[in-house]
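6 protein chains.
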Amino acid sequence: AQSQKETVATQDQVWVLETNLDDQTAEGIGFAQSQLLTAGALDVYVTPVQMKKARPGVLLTVLAAENDRERLVTAMLKYTTAKGIRYTQMARTVMKRHFTTVSYKGMPIRLKVATYHDIHRVTPEYEDCQTAAQKLDVALETVMAGVQAQLS
Amino acid sequence: AQSQKETVATQDQVWVLETNLDDQTAEGIGFAQSQLLTAGALDVYVTPVQMKKARPGVLLTVLAAENDRERLVTAMLKYTTAKGIRYTQMARTVMKRHFTTVSYKGMPIRLKVATYHDIHRVTPEYEDCQTAAQKLDVALETVMAGVQAQLS
Amino acid sequence: AQSQKETVATQDQVWVLETNLDDQTAEGIGFAQSQLLTAGALDVYVTPVQMKKARPGVLLTVLAAENDRERLVTAMLKYTTAKGIRYTQMARTVMKRHFTTVSYKGMPIRLKVATYHDIHRVTPEYEDCQTAAQKLDVALETVMAGVQAQLS
Amino acid sequence: AQSQKETVATQDQVWVLETNLDDQTAEGIGFAQSQLLTAGALDVYVTPVQMKKARPGVLLTVLAAENDRERLVTAMLKYTTAKGIRYTQMARTVMKRHFTTVSYKGMPIRLKVATYHDIHRVTPEYEDCQTAAQKLDVALETVMAGVQAQLS
Amino acid sequence: AQSQKETVATQDQVWVLETNLDDQTAEGIGFAQSQLLTAGALDVYVTPVQMKKARPGVLLTVLAAENDRERLVTAMLKYTTAKGIRYTQMARTVMKRHFTTVSYKGMPIRLKVATYHDIHRVTPEYEDCQTAAQKLDVALETVMAGVQAQLS
Amino acid sequence: AQSQKETVATQDQVWVLETNLDDQTAEGIGFAQSQLLTAGALDVYVTPVQMKKARPGVLLTVLAAENDRERLVTAMLKYTTAKGIRYTQMARTVMKRHFTTVSYKGMPIRLKVATYHDIHRVTPEYEDCQTAAQKLDVALETVMAGVQAQLS
Ligand code: NI
Ligand code: NI
Ligand code: NI
Ligand code: NI
Ligand code: NI
Ligand code: NI
Ligand code: NI
Ligand code: NI
Ligand code: NI
Ligand code: NI
Ligand code: NI
Ligand code: NI
């Protein structure tokens with residue numbers, strides 16, 4: 001298939017930035033998460049943790065590309081109540097990917113084709129499946145199974 | 153202040169609907185959560201649980217108004233992979249509320265004033281604070297603290 | 305298809321039994337979970353909770369059929385360190401189900417067909433997919449997608 | 457042994473009070489938890505949940521004796537940011553208990569002896585073991601295992 | 609304001625020590641957490657994880673200053689049931705801080721003023737707010753909002 | 761005692777491999793966890809996390825010996841839906857261990873004796889205690905306490 005964006009299996013480095021939060025509300029953390037994604041984080045996720053003095057805090061983790069560390073440390077200090085940010089680098093193996101498109105009930109669904117040695121995986125793009133599921137008013141799984149059925 | 157929507161302290165009943173999910177992806181559950189809110193759930197939340205055979209499943213809980221139980225049971229079966237839904241009623245004590253509005257840096261911020269006996273609580277509306285925080289490009293807490301400062 | 309075990313959409317009652325544990329190890333709780341399933345629990349799941357004195361405890365929940373409550377309360381007291389068990393009944397709506405079988409790469413895979421009004425869902429049985437995935441040495445998803453592809 | 461406080465196996469009712477919190481900090485929730493225990497809650501625990509708009513909220517649960525419901529609903533509204541509290545009653549089976557005391561390295565350790573039909577369980581009291589562990593500067597497990605060794 | 613303890617924005621290194629626990633009770637882990645803080649850990653937190661054989665274990669994480677690694681590895685082995693401890697160093701960016709004091713209803717409340725480039729954050733000290741909240745018998749949020757109101 | 765497998769207190773390196781999963785079911789993750797243990801992982805554990813778009817995902821972590829990194833990265837890509845794996849090395853301090861055996865009600869129970877400087881810990885092997893608990897139909901704790909009682 002003709003790819004939209006093709007990548008070879010990469011071996012790169014990713015920054016892992018983290019901070020524990022016990023003095024910010026869930027509302028504030030939800031807002032920060034969305035601002036950090038807008039600010040260019042590769043990913044943002046939140047882990048519930050139990051902190052000192054019986055506090056149900058969270059660990060906020062941001063993944064950042066090699067050149068984005070300083071910018072995202074600043075963004076974490078800006079949008080959260082953290083006074084400090086810890087960070088380190090991790091190596092990363094990423095599967096080779098290309099894209100192709102199929103049609104499901106008249107709607108285009110992009111497929112991500114990922115390859116690593118003899119492992120091949122085809123994943124319908126979430127956003128396209130979501131659009132179709134909303135239009136058809138069905139579960140996301142109905143669309144995904146329907147798309148899978150065409151791939152055999 | 154003149155209220156937008158005023159409620160007395162209520163004593164009502166709320167339906168609690170729940171189901172454990174071990175065969176739906178996080179993507180699918182996120183989609184279902186948003187569809188269930190659209191379908192009229194009072195609230196939807198997800199609790200991580202450990203199910204049999206070492207499965208990191210979730211408990212999906214939906215709160216529904218007295219007349220919405222059957223409709224939301226059907227919506228849960230429609231948008232999730234659940235084969236069954238458990239439900240019960242809980243009594244609920246809800247504080248009396250009215251609304252008022254203040255201005256923060258030229259932007260209107262609604263305040264929810266909640267009362268129960270001698271307990272009084274004033275909460276700036278999230279959506280208004282979010283709008284202001286995005287416009288000013290600051291943390292949500294900066295707006296909320298600024299609004300609180302006006303209330304003294 | 306000819307069903308193996310066919311059920312109509314039921315409206316039944318299920319017992320929810322629960323206890324908080326802060327003085328049993330994860331090893332002991334894992335053992336208890338397996339004993340409780342053997343003892344006839346409909347389901348057993350564990351929720352991480354934060355208890356008093358900064359203790360990372362768990363809430364153990366057991367679902368039991370209408371006539372099994374007393375037997376499973378006793379089993380919970382026997383296999384866990386709990387000194388007390390709380391319980392209540394919840395109503396339950398369960399989809400109508402029947403079973404059929406397909407073949408995947410020469411292996412039989414049972415399908416659970418669940419129906420509720422106009423909602424239809426077909427789910428390959430986990431145990432059969434697991435057997436096939438182990439034999440073929442692939443991800444569970446590979447088998448499930450392969451089975452889905454035959455259903456279109 | 458001569459019991460300090462002896463109870464027969466009881467069949468009672470306990471109130472379960474709950475509220476979801478997304479606009480209170482972990483610090484504030486930790487403070488509320490301690491105030492609610494002081495206010496007479498039988499138990500207080502906190503469950504991490506994922507609420508709407510990607511908020512890492514918590515479910516706060518309070519267990520209360522039959523006559524304490526109204527008082528603890530009020531306390532929850534007072535010490536948390538909740539605008540409403542849900543509650544229901546659950547039946548409870550509690551093992552028969554009596555107390556006895558042993559000595560460990562010269563320090564008194566109370567033992568809770570719990571009985572239900574043919575299930576017997578002897579548990580060293582946490583507070584006494586904690587005092588001993590702090591004095592001896594060892595893990596809690598060292599004291600508990602030492603006490604268990606005397607019971608054979 | 610005259611600072612009590614003033615720090616410049618630092619770029620330092622912090623040790624992250626961790627171990628998974630599946631054979632210690634929540635009581636024992638709570639005790640260990642408090643001993644580790646006393647032993648000089650910068651922070652201690654507990655993450656619920658699902659371990660092999662359906663065990664609801666925890667990941668215990670200790671943050672330690674550059675010279676405290678060996679001492680805290682030993683303390684973790686002493687107060688927990690762990691047989692091994694993993695550790696690595698992370699870089700850390702910490703905001704510049706100084707302290708000042710305000711008065712709230714006659715009680716002194718220290719304020720932590722944190723600065724990083726053009727980000728400024730003022731946080732009332734938890735311990736002082738807790739003391740005030742207990743004395744006035746109000747939620748922690750009432751004190752914190754009252755203090756914020758003075759800062760405008 | 762004569763040891764079965766004796767190790768000195770080691771200072772080694774362990775690989776930490778991780779990936780966030782939001783498009784695999786709990787069933788599929790449970791299956792992957794078991795395959796990864798079979799494939800030679802030192803340990804596998806799953807942490808519930810909150811990912812973008814309100815998704816209740818998990819962080820899958822695999823610990824691997826120094827020479828097993830590439831093999832286990834491949835296994836993670838094979839058995840999960842991950843498109844990329846992050847990894848780093850952590851140093852590890854492991855207590856010196858040897859084994860001995862006691863008898864409990866006629867059944868052999870291996871004991872792991874772990875030593876680090878002046879810290880000594882004796883742990884009955886889980887598998888042996890599990891076998892005994894199943895045979896005697898008691899809680900795991902009953903066996904473990906019985907074994908502890910012999911060690912005094
Ligand atoms: Ni192609
Ligand atoms: Ni703090
Ligand atoms: Ni008013
Ligand atoms: Ni299932
Ligand atoms: Ni059929
Ligand atoms: Ni206890
Ligand atoms: Ni006695
Ligand atoms: Ni809200
Ligand atoms: Ni100053
Ligand atoms: Ni173990
Ligand atoms: Ni020996
Ligand atoms: Ni994705």
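Protein chains in written order, with my numbering: chain E, 1 to 152; chain S, 153 to 304; chain F, 305 to 456; chain Y, 457 to 608; chain H, 609 to 760; chain C, 761 to 912. All C-beta atoms in this analysis are idealised placements derived from N, C-alpha and C, irrespective of residue type, glycine included. Quantities reported herein were computed from a predicted structural model and do not represent experimental measurements.
Which residues in chain S have a C-beta closer than 9 Å to the C-beta of residue i? List them in chain order.
i, result
"residue 537(Y)", "273, 275"
"residue 401(F)", "235"
Under the rule that 16 or more other beta-carbon atoms within 10 Å means buried, what is residue i, buried or exposed?
i, result
"residue 427(F)", "buried"
"residue 17(E)", "buried"
"residue 763(C)", "Only weak support is given to the placement of residue 763(C): the predicted model assigns it a pLDDT of 45, under 50, and the question is left unresolved by the model."
"residue 219(S)", "exposed"
"residue 901(C)", "buried"
"residue 388(F)", "buried"
"residue 257(S)", "exposed"
"residue 641(H)", "buried"
"residue 593(Y)", "exposed"
"residue 680(H)", "buried"
"residue 878(C)", "exposed"
"residue 153(S)", "The predicted position of residue 153(S) is uncertain, since its pLDDT is 38 and thus under 50; no value can be drawn from it."
Assuming residue i and residue j make a contact with CB atoms under 8 Å, what is their CB distance in whole Å?
i, j, result
"residue 200(S)", "residue 210(S)", "6 Å"
"residue 909(C)", "residue 604(Y)", "6 Å"
"residue 133(E)", "residue 183(S)", "6 Å"
"residue 547(Y)", "residue 475(Y)", "No, residue 547(Y) and residue 475(Y) are not in contact; Cβ-Cβ is about 22 Å, not under 8 Å."
"residue 663(H)", "residue 333(F)", "7 Å"
"residue 70(E)", "residue 479(Y)", "Not a contact, Cβ separation roughly 32 Å."
"residue 364(F)", "residue 318(F)", "Actually they are not in contact, since the Cβ atoms of residue 364(F) and residue 318(F) sit about 16 Å apart, beyond 8 Å."
"residue 325(F)", "residue 384(F)", "6 Å"
"residue 44(E)", "residue 812(C)", "6 Å"
"residue 25(E)", "residue 571(Y)", "Actually they do not touch by this definition, with Cβ atoms about 46 Å apart."
"residue 810(C)", "residue 46(E)", "4 Å"
Quick one: list the residues of chain S neighbouring residue i, beta-carbon separation under 7 Å, in chain order.
i, result
"residue 501(Y)", "Neighbours of residue 501(Y) on chain S: none; closest Cβ ~13 Å, over 7 Å."
"residue 133(E)", "183"
List, in order along the chain, the chain E residues whose C-beta lies closer than 8 Å to that of residue i?
i, result
"residue 913(C)", "No information on residue 913(C) is available, as it lies outside the stretch 761 to 912 that chain C covers here."
"residue 354(F)", "50, 54, 56"
Residues of chain Y with a CB under 8 Å from the CB of residue i: which are they?
i, result
"residue 29(E)", "511, 512"
Can you pull the chain H residues whose beta carbon is under 8 Å from the beta carbon of residue i, in chain order?
i, result
"residue 851(C)", "694, 695, 696"
"residue 20(E)", "651, 653"
Find the residues of chain Y that neighbour residue i, judging by a C-beta separation of less than 7 Å, and give them in chain order.
i, result
"residue 41(E)", "Result: empty, since nearest Cβ-Cβ is about 13 Å, beyond 7 Å."
"residue 621(H)", "Those within 7 Å of residue 621(H) in chain Y number zero; the least Cβ separation is about 26 Å."
Taking Cβ-Cβ distances shorter than 8 Å, what residues in chain C pair up with residue i?
i, result
"residue 604(Y)", "905, 908, 909"
"residue 434(F)", "791"
"residue 116(E)", "834, 837"
"residue 102(E)", "Chain C residues near residue 102(E): none, gap ~18 Å exceeds 8 Å."
For a contact meaning CB atoms closer than 7 Å, what does residue i contact in chain H?
i, result
"residue 534(Y)", "747"
Under 9 Å between beta-carbons, which chain C residues line up against residue i? List them in chain order, please.
i, result
"residue 94(E)", "843, 844, 845"
Minimum length 3: unbroken beta strand (DSSP E) runs contained in the region 42-100 of chain E = 43-51, 55-64, 84-94
So does the region 868-882 of chain C actually touch the region 833-840 of chain C, counting three or more Cβ pairs closer than 8 Å?
-> no
Quick one: complete alpha helix (DSSP H) runs, 4+ long, within the region 880-906 of chain C?
-> 886-896
Evaluate the contact criterion for the region 244-263 of chain S versus the region 186-205 of chain S: three or more CB pairs, one atom per stretch, below 8 Å.
-> no
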